[in-house]
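Following: one structure in structure tokens, then a few remarks.
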Amino acid sequence: MGKIEKFNTVVWSAGAGCHGNCGQTLHVEDGKMVKIEGDDGHPWNQGRSCPRALAMTQYMYHEDRITTPLKRVGERGSGKFEPISWEEAFDLCEDGLRDIREKHGAESMIFCQGTGRDIGGPISFLAYSFGSPNWVQLGLSGQSCYTPRLGAMKATMGDFAIADCSQFLEKRYDDPEWKVPEYILVWGNNPPNGCPDGFYGHWIVDCMKRGSKILAVDPRNTWMTSRAKVHMKLRPGTDGALAMGMLNVILGEDLEDKEFCKKWVHGLPELRERVKDYPVEKVSEITEVPAEDIIAAARAYAKAAQASVQWGVPVDMCPDGVAVAHAISCLWIITGNVDKPGGQVLAKPSHSVTTYPYSTEELVELYGQDMVTLLNEKRIGANDFPMVKGFRGWAHPDKAIEQIVTGDPYPIKGAWIQTCNILGGQAARAKLHYKNLKKLDFVVVVDLFHNPTSMALADIILPAATFPEKNSFRSWWAPLSIIKKRVQVGECKSDWEINFELAKRLNPEGLQRYGTVMDIFNERLEAAGTTFDEMEAKGGWEMPPDGPTKPYYRHERGLMRPDGEPGFNTPTGKAEVWSNAFKDWGHDPLPYYREPEQSSVKTPDLFEKYPLVMITGARSNLFFHSEHRMIPWLREKDPVPYVEVHPDTAKDYDVSNGEWVNLENDMGKVKRKVRVTKKVKPHHVHTLHGWWLPEEDGAEPSLFGVWDYQINQIVPGPQAAEHGFGGGQYKTTLCKISKIEDGSARSVMGE
Ligand SMILES: Nc1nc2c(c(=O)[nH]1)N[C@H]1C(S)=C(S)[C@@H](COP(=O)(O)OP(=O)(O)OC[C@H]3O[C@@H](n4cnc5c(=O)[nH]c(N)nc54)[C@H](O)[C@@H]3O)O[C@H]1N2
Ligand SMILES: Nc1nc2c(c(=O)[nH]1)N[C@H]1C(S)=C(S)[C@@H](COP(=O)(O)OP(=O)(O)OC[C@H]3O[C@@H](n4cnc5c(=O)[nH]c(N)nc54)[C@H](O)[C@@H]3O)O[C@H]1N2
Ligand SMILES: [Mo]
Numbered sequence: 018m019g020k021i022e023k024f025n026t027v028v029w030s031a032g033a034g035c036h037g038n039c040g041q042t043l044h045v046e047d048g049k050m051v052k053i054e055g056d057d058g059h060p061w062n063q064g065r066s067c068p069r070a071l072a073m074t075q076y077m078y079h080e081d082r083i084t085t086p087l088k089r090v091g092e093r094g095s096g097k098f099e100p101i102s103w104e105e106a107f108d109l110c111e112d113g114l115r116d117i118r119e120k121h122g123a124e125s126m127i128f129c130q131g132t133g134r135d136i137g138g139p140i141s142f143l144a145y146s147f148g149s150p151n152w153v154q155l156g157l158s159g160q161s162c163y164t165p166r167l168g169a170m171k172a173t174m175g176d177f178a179i180a181d182c183s184q185f186l187e188k189r190y191d192d193p194e195w196k197v198p199e200y201i202l203v204w205g206n207n208p209p210n211g212c213p214d215g216f217y218g219h220w221i222v223d224c225m226k227r228g229s230k231i232l233a234v235d236p237r238n239t240w241m242t243s244r245a246k247v248h249m250k251l252r253p254g255t256d257g258a259l260a261m262g263m264l265n266v267i268l269g270e271d272l273e274d275k276e277f278c279k280k281w282v283h284g285l286p287e288l289r290e291r292v293k294d295y296p297v298e299k300v301s302e303i304t305e306v307p308a309e310d311i312i313a314a315a316r317a318y319a320k321a322a323q324a325s326v327q328w329g330v331p332v333d334m335c336p337d338g339v340a341v342a343h344a345i346s347c348l349w350i351i352t353g354n355v356d357k358p359g360g361q362v363l364a365k366p367s368h369s370v371t372t373y374p375y376s377t378e379e380l381v382e383l384y385g386q387d388m389v390t391l392l393n394e395k396r397i398g399a400n401d402f403p404m405v406k407g408f409r410g411w412a413h414p415d416k417a418i419e420q421i422v423t424g425d426p427y428p429i430k431g432a433w434i435q436t437c438n439i440l441g442g443q444a445a446r447a448k449l450h451y452k453n454l455k456k457l458d459f460v461v462v463v464d465l466f467h468n469p470t471s472m473a474l475a476d477i478i479l480p481a482a483t484f485p486e487k488n489s490f491r492s493w494w495a496p497l498s499i500i501k502k503r504v505q506v507g508e509c510k511s512d513w514e515i516n517f518e519l520a521k522r523l524n525p526e527g528l529q530r531y532g533t534v535m536d537i538f539n540e541r542l543e544a545a546g547t548t549f550d551e552m553e554a555k556g557g558w559e560m561p562p563d564g565p566t567k568p569y570y571r572h573e574r575g576l577m578r579p580d581g582e583p584g585f586n587t588p589t590g591k592a593e594v595w596s597n598a599f600k601d602w603g604h605d606p607l608p609y610y611r612e613p614e615q616s617s618v619k620t621p622d623l624f625e626k627y628p629l630v631m632i633t634g635a636r637s638n639l640f641f642h643s644e645h646r647m648i649p650w651l652r653e654k655d656p657v658p659y660v661e662v663h664p665d666t667a668k669d670y671d672v673s674n675g676e677w678v679n680l681e682n683d684m685g686k687v688k689r690k691v692r693v694t695k696k697v698k699p700h701h702v703h704t705l706h707g708w709w710l711p712e713e714d715g716a717e718p719s720l721f722g723v724w725d726y727q728i729n730q731i732v733p734g735p736q737a738a739e740h741g742f743g744g745g746q747y748k749t750t751l752c753k754i755s756k757i758e759d760g761s762a763r764s765v766m767g768e
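Under the working numbering, residues 18 to 768 are what the sequence shown spells out, in order.
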């Protein structure tokens, strides 16, 4: 046995999945990782780990892991691949991409990613170097994850904000500047399970231990909601009405922070008028939340010395998620809970380091003026939705999948799929995505394991590295961190290395200044006045110094605006509850509520046929989306896909605990095992998304059993959000339960 060496690092993809920045200690023996444990000295997680991090050794050295580049040798979908060298793989990718660029234009190649792992940097670098403006979270209907919330905050405050749990301060809860939030309004979020969007879930629990009280907005019962002073169990997708109702109470009872509003808020009189349309009784009727609960929660939140909101993806998945996020952001704005301790902390990338360039100047310098023109004029969706053009540099997912078939205004011929499982978890209308993507001429998948997407579509597969196997850096909120390679598995390469090699081949002149990926890292780290090696020598992470990226009261100190004046980064310098940005984009400058696309109110006939509201994808801490089903320690805990059914509903449908059933609507049916539980309300059901069976046959037609278990084939689309962002129907699809008479689920799941 060799000596065990210990290295501290940060858990950012691939492996645990997640959006986190946890400090973990790797135990390495003879070049192999043998154990992982939480790093006590790291301010983010202070020594803690999650099940997926703890199972990393099983993930890294799993027998199914893809460890060499692969080339398809049979028909698409036949599952026949053979190993090739990296040189051959890069040659084939270069030829395939060049061929599309020459015949159809670079925009005919789309670059698809999943959720925000360590991918935005490498994939935009490759797409833009190649010359395509079409970088897209393909399948995510309405781009309904975080983008609607980010868009609303950008429009109202010019910056993003998250619940203040002292995460920007090195001494954390012991820092004298920080104050514990009196209330935390946990809205459509289960933080300890998901740690979403750069927020470590147990920070809320840490705050609760220090006195924070919880107000919860969630149709289900969770650990978190069971601790709430007020739990508002709303009808899924009616969050916008609830937020407007709370604003109605606060403004109706003059509970706003008058001093803050006078000095820093734009458009309060207009908001006051608008919320009159949402009296509490009406809101109670829409949301199914008792009026007294709405009033109690609104008062508690508004009267607190400081209070914060921690929200989740169901907000985005409401129809017009942007408007819902707008309404919720008005809560913290009018109560003055912004940029102050224990409120909503303005969150900026640490040390102003960004993983990829944002500004037009930087884009022109790196990729040329043509790229910027393409981004504005040819990016899919940019001409349909002003917010797609004006706010976020991604192509529009629902438009992109349709353009593959219409070819209008130009053909889509190839896809680079990196860090996403479109057919196995990301896409609503999963079968439509399957059918349309099959039409492409050339598909590359960069992943660590096979999945239904790679099996059905890939011509070339490139094997990616996990976080202990790669160099990278991270500035998503704080601290600024580097990730240093410690082990090698097979021939796997990091996403940065893969994309760098290809980008250089496809744009040799433009990228002359970079010799290796390390040159890119160091260029990006310049904003922090440091280098990768210096960061490593200092222990790998650094908290932001006083200035624009460290709280508090930055709007008063002139640190938020490019002109250095006090105020927020908006046209008026104030937090705009009546938003000039929305007006300029042609949208309602004030928040509003819209009914979900399918519901008892909007589609009563459909509701009669399918009277169950299906919530999908409330996060399990065992799995990250469609990942981890092959990891024994994790799968053992939740071996099959369940559906949560209330006892009354189980009775109505004559089904019992442990019985296999179908969830069904006009789009199809999907198998689930019944778990009778009061976690859900009667006539709501909940089930986890992302199910496929790695142990099953991967070749078509099985595709790892995906069409038996993938819930997204009965989740409809396209989104109908006015903004183009929001409205994915992942939490509001109507369905019914039907019996499986032939025992087919049992045979598939081996029970
Ligand atoms: N029904 C339903 N569907 C949903 C949701 C829901 O709530 N309900 N949520 C939606 C949301 S919010 C999102 S963001 C999407 C997410 O959807 P995706 O991000 O596509 O999620 P995954 O299914 O985990 O697919 C990720 C793939 O990338 C691979 N991978 C992981 N890390 C890396 C890496 O570092 N490099 C590379 N090259 N590959 C990597 C994994 O092995 C996996 O195959 O799903 C959406 N789908
Ligand atoms: N372990 C793990 N962690 C993850 C992920 C994962 O797959 N696994 N995915 C990551 C990603 S990409 C994301 S976007 C986040 C998502 O994580 P969160 O933002 O926490 O979202 P969910 O877990 O989908 O839902 C949170 C809660 O909202 C409730 N809910 C459902 N529908 C509604 C509704 O209409 N309104 C309201 N108010 N509440 C509703 C659910 O019952 C659930 O308890 O997690 C991230 N973290
Ligand atoms: Mo997400």
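For every residue, glycine included, the Cβ atom is placed at its ideal position computed from N, Cα and C.
Are the beta-carbon atoms belonging to residue i and residue j less than 8 Å from one another?
i: K430; j: L391; result: no
i: W433; j: V461; result: yes
i: M170; j: S346; result: yes
i: A364; j: I179; result: yes
i: V292; j: M261; result: yes
i: A2; j: V355; result: The question about residue 2 has no answer here: the residues shown for the chain are numbered 18 through 768.
i: D181; j: G360; result: yes
i: P480; j: E508; result: yes
i: K502; j: K521; result: no
i: P496; j: M577; result: no
i: Y659; j: R692; result: yes
i: G685; j: M472; result: no
i: Q160; j: P414; result: yes
i: I632; j: A72; result: no
Who pairs with residue i in a beta bridge, going by DSSP?
i: K756; result: V678
i: N25; result: T42
i: A737; result: Per DSSP, none; premise fails for A737.
i: H248; result: A233
i: Q361; result: A180 and V355
i: K688; result: N679
i: R89; result: F98
i: Y200; result: K230 and A324
i: A592; result: V282
Identify the continuous beta strand (DSSP E) that holds residue i and give its terminal residues.
i: D550; result: It is not in any beta strand (DSSP E) - D550 instead sits in the alpha helix (DSSP H) that spans F549 to A554.
i: Y659; result: Y659 to V662
i: F490; result: S489 to R491
i: K52; result: K49 to G55
i: Y726; result: No beta strand (DSSP E) contains Y726, which is instead part of the alpha helix (DSSP H) from V723 to Y726.
Counting along the chain, where does the alpha helix (DSSP H) carrying residue i start and finish?
i: P331; result: V330 to D333
i: R289; result: L285 to V292
i: C278; result: K275 to W281
i: V222; result: H219 to K226
i: M631; result: It is not in any alpha helix (DSSP H) - M631 instead sits in the beta strand (DSSP E) that spans L629 to T633.
i: C129; result: Note, C129: premise wrong, no alpha helix (DSSP H); beta strand (DSSP E) at M126 to C129.
i: D108; result: W103 to H121
At a cut-off of 7 Å, is residue i close to ligand 4 when judged by its beta-carbon and the heavy atoms of the ligand?
i: P236; result: You won't find ligand 4 in this model; what it holds is ligand 1, ligand 2 and ligand 3.
| field | Segment contact flag, the region 744 to 764 with the region 467 to 480, C-beta cutoff 8 Å, min 3 pairs | value | no
| Closer than 5 Å to ligand 3: residues, by C-beta to nearest heavy atom, in chain order | Spelled out in chain order, the answer is T132 and C162.
| message | I'd like to know if the region 208 to 221 and the region 662 to 679 are in contact, where contact means that at least 3 CB-CB pairs between them fall below 8 Å. | response | Because the criterion of three Cβ pairs below 8 Å is not met, the region 208 to 221 and the region 662 to 679 do not touch.
| request: Would you check if there are 3 or more beta carbon pairs closer than 8 Å linking the region 712 to 730 to the region 595 to 604? | output: no
| Does the count of Cβ pairs from the region 333 to 341 and the region 604 to 617 closer than 8 Å reach three? | They touch, by the three-pair rule.
| Do three or more CB pairs link the region 264 to 278 to the region 549 to 569 at distances below 8 Å? | no
| Using 8 Å as the threshold, is the region 63 to 79 in touch with the region 28 to 35, meaning 3 or more CB pairs across them? | yes
| Three or more C-beta pairs closer than 8 Å, one from the region 696 to 714 and one from the region 640 to 651: is that the case here? | Yes, the region 696 to 714 touches the region 640 to 651.
| query | Taking three-plus beta-carbon pairs below 8 Å as touching, is the region 150 to 169 in contact with the region 525 to 543? | reply | No, because fewer than three Cβ pairs between the region 150 to 169 and the region 525 to 543 fall closer than 8 Å, the two stretches do not touch.
| If we count Cβ pairs, one from each stretch, closer than 8 Å, do we get three or more for the region 230 to 249 versus the region 198 to 213? | yes
| said: Whether or not the region 133 to 152 and the region 434 to 448 are in contact is what I'm after, with contact meaning three or more pairs of Cβ atoms, one per stretch, closer than 8 Å; do they touch? | reply: yes
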